[in-house]
């Protein structure tokens, strides 16, 4: 389904929207309508996900908003990077792979240390994340 979506006209429009708004304006003349439609669709998707999350949890619990959860969200943002749509997918996948790997190796707390070291490396050498646009090259 994902391949079919990316090869359709809507998929090309959404890719242009995420990568370069100037490109979107040249590909799709009704830029404002595309942005409005994309925001409405994204809001509807998050509304549905929020309803499903409320049904899953059954109640609002302060443990769902612990510092560990906030750290995971920050890790996803920094690992994925900004500037491309790949970062939105690459960040959560990297976090999930690290977490499952260390749980499988019976070191569940070690993934925090590895994530913190990865964040330090990324913030120093790749400030735009794993898939973000490279702003400059080191020589």
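Numbering (my numbering), first residue to last: 2 to 140. For glycine and all other residues, C-beta sits at the position ideal for the given N, C-alpha and C.
- Per DSSP, reduced to three states, the secondary structure at residue 73 is helical.
- In this structure, DSSP gives residue 51 a helical state, which the three-state scheme calls helix.
- Between the C-alpha atoms of residue 74 and residue 35 there is a straight-line separation of about 28 Å.
- A direct Cα-to-Cα measurement between residue 88 and residue 59 gives close to 31 Å.
- With a 10 Å radius around the Cβ and a threshold of 16 neighbouring Cβ atoms, residue 33 comes out exposed.
- Here residue 96 really is in contact with residue 76; their C-beta atoms are around 6 Å apart, less than 8 Å.
- Linking residue 10 to residue 30 through their CA atoms gives a straight-line distance of about 13 Å.
- The Cβ atoms of residue 79 and residue 114 lie no closer than 8 Å to each other.
- For residue 104, the enclosing alpha helix (DSSP H) stretches over residues 87 to 105.
- Residue 132 counts as buried, since no fewer than 16 other beta carbons sit within 10 angstroms of its beta carbon.
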